[in-house]
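Residue numbers (this note's numbering): 310 to 553. Ideal Cβ positions, reconstructed from N, Cα and C, are used throughout, including at glycine. Only a predicted model underlies this, so the values are computations on that prediction, with no experimental measurement involved.
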């Protein structure tokens with residue numbers, strides 16, 4: 310079965326495409342990044358995984374209720390991936406209610422190192438200020454509400470140690486917070502306070518096979534690159550998705 314797609318990025322043998330698919334009679338969209346080979350990926354949704362593909366799936370409101378059901382998400386994603394001839398163990402996928410055509414991308418590089426950030430952002434309904442706002446969701450058997458979220462996939466050609474991958478999560482989060490602050494995004498629960506994110510944000514860190522890097526904090530050159538790419542992509546993603 311042929312699936313329509315739009316290529317949005319390619320580099321070093323990797324490609325990123327938005328696929329326009331159907332689940333039953335419902336139209337969905339998936340950002341699929343082919344990493345050209347299996348890579349160790351750190352995901353705040355999956356933990357540490359070894360996969361060939363990373364993705365971010367947009368499901369419209371018609372699917373949200375079903376996606377709360379135990380086991381449905383895995384069945385749903387496996388069905389979409391099977392349309393692309395991708396086996397269940399070969400991919401890791403984030404999920405969002407943000408239209409994938411509102412995807413924002415930003416990249417930066419220095420000498421032999423480059424980074425690229427792929428971001429979708431919805432902050433209208435559940436932006437919050439962590440440490441101040443009270444929680445509004447309670448996990449029961451792995452099920453949560455599906456609402457606005459900020460998903461960030463960060464790819465680099467540098468070979469990152471596990472510690473560097475973990476530290477990158479802080480750098481990414483700091484850049485996201487800076488972008489929300491500069492955009493003036495306020496908490497949905499405590500009006501007047503700047504939001505630090507939403508309660509459902511997720512990040513993937515995808516390293517490459519280039520020079521070995523052990524530290525990705527803000528004082529490092531790669532930390533600067535990560536911060537700038539994430540900052541710019543978050544600002545653009547929020548602006549693209551916000552109602553005009």
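Excluding the 5 residues flanking it on each side, residue 359 has same chain C-beta neighbours closer than 8 Å at 347, 348, 349 and 350, in chain order. Annotation: the continuous beta strand (DSSP E) that includes residue 465 extends over 459 to 465. Contact check for residue 344 against residue 422 fails: the beta carbons are separated by 8 Å or more.
Taking a 10 Å sphere around the C-beta of residue 510, we find 16 or more other C-beta atoms and assign the residue as buried. Rounded to whole angstroms, the separation of the alpha carbons of residue 517 and residue 328 is 24 Å. Within the same chain, 327 and 338 come within 8 Å of residue 410 by CB-CB distance, once the 5 residues on both sides are set aside. Nearest in C-alpha terms to residue 375, of all of 385, 474 and 478, is 385. Looking only at 525, 514 and 487, the smallest Cα-Cα distance to residue 544 is reached by 487. Close CB contacts of residue 470 within its chain, under the 8 Å cut and outside five residues either way in sequence, are with 521, 522 and 523 (chain order). Contact between residue 414 and residue 542 holds: their C-beta atoms lie close to 6 Å from each other, under 8 Å.
Burial of residue 365 is indicated by the presence of at least 16 other C-beta atoms within 10 angstroms of its C-beta.
Check the Cα spacing between residue 392 and each of 342, 426, 313 and 319: the tightest is with 313. Taken through DSSP and simplified to helix, strand or coil, residue 354 comes out as coil. DSSP places residue 389 in the uninterrupted alpha helix (DSSP H) bounded by 381 to 392.
In the three-state reduction of the DSSP assignment, residue 537 falls in the helix class. According to the DSSP secondary-structure assignment, residue 428 is paired through a beta bridge with 413 and 461. Taking C-alpha positions only, residue 508 is separated from residue 418 by approximately 31 Å. According to the DSSP assignment, residue 327 belongs to the beta strand (DSSP E) that extends over 323 to 332.
Across the structure, residue 498 and residue 405 are spaced so that their CA atoms are roughly 21 Å apart. In this structure, residue 481 and residue 490 do not form a Cβ contact; the two beta carbons are roughly 15 Å apart against a cut-off of 8 Å.
Within a 10 Å sphere around the beta-carbon of residue 472 sit fewer than 16 other beta-carbons, which makes this residue exposed.
Annotated as distal: residue 539 and residue 464, with beta-carbon spacing of 8 Å or more. Collapsing the DSSP output to three states places residue 316 in a strand. For residue 502, there is no enclosing alpha helix (DSSP H), as DSSP marks it with neither H nor E. For residue 484, no beta strand (DSSP E) run applies; the uninterrupted alpha helix (DSSP H) run containing it begins and ends at 471 to 492, by DSSP. Counting of Cβ neighbours within 10 angstroms places residue 513 among the buried residues, the total reaching 16 or more.
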